[in-house]
Amino acid sequence: MAAKATVFKATLQISDMERHYYQEHVLTLARHPSETDERMMVRLLAFALNAHERLEFGRGLSTEDEADLWQKDLTGAIEHWIDVGMPDERLVRKACGRSQQVTVYCYGGRIAEMWVEQNSAQFARQNNLRIINLLPNHTQALAALAQRNMTLHCLVQDGLVSFSDDSQSVELEPVQLYPVP
Numbered sequence: 005m006a007a008k009a010t011v012f013k014a015t016l017q018i019s020d021m022e023r024h025y026y027q028e029h030v031l032t033l034a035r036h037p038s039e040t041d042e043r044m045m046v047r048l049l050a051f052a053l054n055a056h057e058r059l060e061f062g063r064g065l066s067t068e069d070e071a072d073l074w075q076k077d078l079t080g081a082i083e084h085w086i087d088v089g090m091p092d093e094r095l096v097r098k099a100c101g102r103s104q105q106v107t108v109y110c111y112g113g114r115i116a117e118m119w120v121e122q123n124s125a126q127f128a129r130q131n132n133l134r135i136i137n138l139l140p141n142h143t144q145a146l147a148a149l150a151q152r153n154m155t156l157h158c159l160v161q162d163g164l165v166s167f168s169d170d171s172q173s174v175e176l177e178p179v180q181l182y183p184v185p
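Sequential numbering of the sequence shown, starting at 5, is according to this note's numbering.
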């Protein structure tokens, strides 16, 4: 019998000073049995950084043709495709062809930089692609906030992100790897 996903509930209060977005979201996250707390929390961070009324989580790791998160317009066309990790270059290319905008959130530090360098020729053909890197010590600290029922606050200001619950806070500084700023 296959292991089932673990369900996490999150109340996420977002104050994004850069986009002037202030909203509370009540979210349900299904963590695939092979997914780590770190990856799940990076998905939650990606949600916070791109929050929109039509942004939703995809079906997860087991579904290759879906984004980790996506925003669709009212006709069902994909406006924003968001992936977490370092997906295969052909999947990134396919996502760029299906969506107006694609964002990939990597969390491997130097490994993510090498992944971008290795695929730079293919990525250069995509004019709707953005790749963001998160430092491993930041994402590991973010993973420590994971609980089955979470109430989190996210503040985005001056390029920095602060995630906190009632007892601890994590400061992150996303770095854009592609296109090179």
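Using N, Cα and C, we set each Cβ at its ideal position, and we do this for glycine too.
Cutoff 7 Å; reference LEU139; Cβ partners in own chain excluding five residues on either side: GLY113
Residues bridged to HIS157 (per DSSP): GLN17 and SER168
Best match in ALA99, PRO178 and TRP85 for proximity to GLN126 [C-alpha to C-alpha]: ALA99
Nearest neighbour of ASN137, chosen from THR155, LEU156, ALA145 and ILE115 [CA to CA]: ILE115
ASP87 and VAL120 closer than 8 Å at C-beta: For ASP87 and VAL120, no; Cβs fall outside 8 Å.
Buried or exposed by the 16-neighbour rule on C-beta atoms within 10 Å, applied to GLN190: Lying outside 5 to 185, the shown extent of the chain, residue 190 is not represented and no answer is given.
LEU53 versus GLY62: straight-line alpha-carbon distance, rounded: Near 16 Å, if we compare the C-alpha coordinates of GLY62 and LEU53.
Residues near VAL30 by beta carbon distance below 6 Å, same chain, minus five either side: THR15
Proximity winner among VAL160, ILE82 and ASP92, relative to TYR26 (alpha-carbon distances): VAL160
DSSP-derived helix/strand/coil call for GLN144: Helix, per DSSP.
Every unbroken beta strand (DSSP E) within the segment 57–110, with a cutoff of 3 residues, ordered by chain: 59–61, 73–76, 82–88 and 103–110
For ARG152, three-class secondary structure by DSSP: coil
Identified DSSP bridge partners for LEU133: VAL106
Bridge partner(s) assigned by DSSP for GLU175: SER166, per the DSSP bridge assignment.
Per-residue burial, VAL11 [other beta carbons within 10 Å of its own, 16 or more giving buried]: VAL11 comes out exposed.
Same chain only: Cβ atoms within 6 Å of TYR182, ignoring 5 sequence neighbours per side: Cβ within range, chain order: VAL120, PHE127 and ILE135.
Span separating the alpha-carbon of MET154 from that of ALA81: 32 Å
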